[in-house]
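Below: the structure, in structure tokens.
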Amino acid sequence: MPARALLVLLVMLNIGIALWWVLRPAAEPSGSWSPPAGVPRLRLLGEQEGAMVDVARQVEAESVASASAVAGAGLRCVTFGPFDGAVAATGAREALQSLGASHMRVREVPGTPRGWRVLIPPQADRAQADALAARIRQAGFDDLMVMSSGEDANGIALGLYRSESAAGRREANLRAAGFSAQTQRWGDAATTHWLDVAAAPGFDADAARRAASAPRLQEIECAGVVESAAAR
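Under the UniProt record's numbering, think of the first position of the sequence shown as 1, with each following residue one higher.
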């Protein structure tokens, strides 16, 4: 009898445990832990290094901008030119060193071409060029010519234009029809050189222009001149 009672007790205990397991409340999801106010969050070593690099870059950029602003304060900035080449601009720079110019840079200015031309590069021979020109005409394009001499001999000229945008439209239309047209500068597009100078307010720009043999001068902003000199 005692053994039987013990067996019944064990069965009841197992049933109770099973019911508790089935009916137990669901565990609440653990939220992300946030440190108390004023306590810094721990960072991995890689995160710390990245943050330090970002801060260093920001400080460096602010320092350069601040230094440029301080250096440019109270300066007079003038550009002299145009000079025909870098050698002439460099010679002018040397001539102005004794006249109080504190910062100088030589600046290249691309020349403006007289126009733009559209063409197809030279073909292997005149026969191929003539055949290609005939196909272009059949596609509805006019104003073209097979070039017979020079470095573009056996190429096909497809028009001269005053603006790059007009030449670009002509090229786009030809390419859409399957022809390998190109747009190129046409006419004088020589690069000129200018000498930018930053100096004290009392700097005699007219005397400097004569010393540099510059055709003309004009006032400019100082920021670019000072930053360029600081970068070197």
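Ideal Cβ positions, reconstructed from N, Cα and C, are used throughout, including at glycine.
{"Query": "By DSSP, does residue 183 sit in helix, in strand, or in coil?", "Result": "strand"}
{"Query": "How is the beta strand (DSSP E) around residue 221 delimited, first residue to last?", "Result": "Run containing residue 221: none; DSSP gives neither H nor E here."}
{"Query": "Between 100, 123, 179, which has its C-alpha nearest residue 203's C-alpha?", "Result": "100"}
{"Query": "Cα-Cα, which of 4, 102, 21, 16 is closest to residue 197?", "Result": "102"}
{"Query": "Please list the segments of the alpha helix (DSSP H) lying wholly inside the stretch 81-105, counting only runs of 4 or more residues, in order along the chain.", "Result": "86-96"}
{"Query": "What residues in its chain sit with their C-beta under 6 Å from that of residue 65, if we drop five residues either side in the sequence?", "Result": "Because the pLDDT at residue 65 is just 45, under 50, the model does not fix this residue reliably, and the point stays unresolved."}
{"Query": "For residue 203 and chain D, any beta-carbon pair shorter than 7 Å?", "Result": "Given the protein chain composition of this structure (a single chain), no chain D is represented."}
{"Query": "Go to residue 174, then tell me how far its alpha helix (DSSP H) extends in each direction, as first and last residue.", "Result": "164-176"}
{"Query": "Indicate the three-state DSSP secondary structure (helix, strand or coil) for residue 10 in the structure shown.", "Result": "helix"}
{"Query": "With distances taken from CA atoms, which of 213, 86, 140 is nearest residue 95?", "Result": "213"}
{"Query": "Where do the N-terminal and C-terminal ends of the alpha helix (DSSP H) with residue 134 fall, by residue?", "Result": "126-138"}
{"Query": "Please identify the residue among 145, 223, 209 whose C-alpha is closest to the C-alpha of residue 82.", "Result": "209"}
{"Query": "Evaluate the contact criterion for the stretch 152-159 versus the stretch 110-130: three or more CB pairs, one atom per stretch, below 8 Å.", "Result": "yes"}
{"Query": "Could you check whether residue 87 and residue 195 sit closer than 7 Å to each other, using their CB atoms as the reference points?", "Result": "no"}
{"Query": "How long is the line joining the alpha carbons of residue 19 and residue 12, rounded to whole angstroms?", "Result": "11 Å"}
{"Query": "Answer with buried or exposed for residue 136, where buried requires no fewer than 16 other C-beta atoms within 10 angstroms of its C-beta.", "Result": "buried"}
{"Query": "Nearest-angstrom Cα distance between residue 85 and residue 192?", "Result": "6 Å"}
{"Query": "So what does DSSP say about residue 107, is it helix, strand or coil?", "Result": "strand"}
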